[in-house]
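In the numbering used here, the protein residues as written are 30 to 476.
1) Straight-line CA distance for residue 273 to residue 292?
2) Which residues in the same chain as residue 315 place their Cβ atom closer than 8 Å to its Cβ, once the five residues preceding and following it in sequence are excluded?
3) Need the endpoints of the beta strand (DSSP E) that residue 212 sits in, please.
4) So, with DSSP's three-state summary, where would you put residue 337?
5) Where DSSP assigns a beta bridge to residue 290, which residues make up the other side?
6) Apart from the five residues on each side of it in sequence, which residues of its chain come closer than 7 Å, Cβ to Cβ, to residue 51?
7) Grouping DSSP H, G and I as helix and E and B as strand, with all else coil, what is residue 454?
8) Which runs of the alpha helix (DSSP H) at least 4 residues long sit entirely within the region 66-136? Give them in chain order.
9) From the DSSP secondary-structure annotation, give me the bridge partner or partners of residue 169.
10) Can you tell me whether residue 244 is buried or exposed, with buried defined as 16 or more other CB within 10 angstroms of its CB?
11) Assuming contact is defined by CB atoms lying nearer than 8 Å, are residue 474 and residue 429 in contact in what I supplied?
12) With 16 as the cutoff for other CB atoms within 10 Å, does residue 460 come out buried or exposed?
13) Over the uninterrupted alpha helix (DSSP H) stretch that includes residue 358, give me the two end residues.
14) State the Cα-Cα distance for the pair residue 167 and residue 179, rounded to the nearest angstrom.
15) Under 8 Å by Cβ, that's how I've got residue 426 and residue 57 pegged, so tell me the actual separation to the nearest angstrom.
16) Considering just the uninterrupted stretch of the beta strand (DSSP E) at residue 477, what are its terminal residues?
17) Exposed or buried, residue 349, counting other C-beta atoms within 10 Å across all chains shown (16 or more means buried)?
18) In this structure, does DSSP put residue 163 in helix, strand or coil?
19) Mind checking residue 212: buried by the 16 CB within 10 Å criterion, or exposed?
20) In angstroms, rounded to a whole number, what distance separates the CA positions of residue 332 and residue 282?
21) Per DSSP, which one or two residues make a beta bridge with residue 295?
22) From the DSSP output, in three-state form, read off residue 325 for me.
23) Just list the alpha helix (DSSP H) runs in the region 401-442, keeping only unbroken ones of 4 residues or longer that don't cross its boundaries, in chain order.
24) With a 10 Å radius around its C-beta and 16 neighbouring C-beta atoms as the bar for buried, classify residue 341 as buried or exposed.
25) Could you have a look at residue 147 and say whether DSSP puts it in helix, strand or coil?
26) Just grab the DSSP bridge partners of residue 139 for me.
27) Between 230, 133, 247, 187, which has its C-alpha nearest residue 206's C-alpha?
28) DSSP beta-bridge partners for residue 192?
29) Closer than 8 Å by C-beta to residue 79: which residues in its own chain qualify, once you throw out the five before and the five after it? Chain order, please.
30) Give me the Cβ distance between residue 130 and residue 159, rounded to the nearest whole Å; I'm assuming they're in contact under 8 Å.
31) Residues in the same chain with beta-carbon distance under 7 Å from residue 70, minus the five sequence neighbours each way, listed in chain order, please.
32) Going by the CB atoms, is the gap between residue 231 and residue 86 shorter than 8 Å?
33) Work out the CA separation of residue 302 and residue 37 for me, nearest whole Å.
34) Does DSSP classify residue 460 as helix, strand or coil?
35) In three-state terms, what does DSSP make of residue 60?
36) Can you give the beta carbon distance from residue 439 to residue 449, rounded, assuming they're within the 8 Å contact cut?
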């Protein structure tokens, strides 16, 4: 519900970069257009074999950093479908809308606020309708009748599921302030999207934390989370020059927020929001308490006070984070008069950690040894076996999906029991004993 500002670059090279990334994702099985055989569905995308691995690695890195490696944050997973009164209390029913205008001729729909001429269609020049309120929540119906009484919504954010479970967490886990709840899940917003690949879609996945603190600690905690979240991206390889903080002006703040800072990334479309960190004050628990009639105050056993905690919310998009990591990792270089494309992803995020490649796929002994090595690696990391092309082409394929290490089994391997390990970034090769391959790869990945 925050305002999204995009600083557009009029730079052909950046447009080319986005096109190259979209092409790589299609070519290498990272991301596909949804329902492509039927002409596709606008702003809907499917994650392929390598894409889902990258996406899962991002989520696991976030979960490890914010849940497993901390003592003060608990994980949960709330239902996508919630009681409709949840969205009344949150303000979505009343406030979550855009003003939209329709062209009377070509029937295209536009956000009224983005139109230079509020009366003329920017596509065909015909007359536009007056701006009308258009709620951004997807509506559906629960039950067989499908009348107004059965109307519910696909959640537009994951946050509310954590707020309405506040008392359940207090009663079951008895946490002391400050503490947080973390959740990763799908959200849906029925808005006009400008394309830009997976940057903004109607169905997306969020990684959100709701961190509950004493009111007097709200601002300090908010500032701390801004720095914490910035460090997370940099720690996973995002270049410092490509990421920055931008504090919202008072005219940008959502109705519930005391303060908000965006972590912005320099996407091919310009500087745009990667994650938002907001100080939501006590708005949410107070609203749900009033509308539900349930007591949602925190009881401090030391001071014997009851109060509504302030809530600090770091909210990141999985898909948008994935796009940032792809853009930042994309690299082209000349190798023997040819262009090598490589994703220099953080090793922990790389979809595949090691690829085992037989130099000759028609030599049974070489294939068997390569498969044995791959099978052994799979017990600890995601490794693949590939014999579908010549070795040079196999290297290029793995470079394009960011695989840190390629292990080549050749004729000599049958004699000296050694294989060639190639580093993705330097392309340096080293002969390693077959019995040391797993140990070597695991050590390198953990550096």
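Beta carbons are placed, not taken as given, at the ideal position from N, Cα and C, and that holds for glycine.
Short version:
1) 6 Å
2) 325, 337
3) 208-217
4) coil
5) 276, 306
6) 226
7) coil
8) 78-92, 113-119, 121-124
9) 181
10) exposed
11) no
12) exposed
13) 347-358
14) 14 Å
15) 7 Å
16) One cannot answer for residue 477 here, as it falls past the ends of the chain, which runs 30 to 476.
17) buried
18) strand
19) buried
20) 33 Å
21) 300
22) coil
23) 420-429
24) buried
25) coil
26) 130
27) 247
28) Residue 192 pairs with nothing; no bridge assigned.
29) 57, 58, 59, 380, 381, 430
30) 7 Å
31) 63, 64
32) no
33) Only weak support is given to the placement of residue 37: the predicted model assigns it a pLDDT of 39, under 50, and the question is left unresolved by the model.
34) strand
35) strand
36) 7 Å
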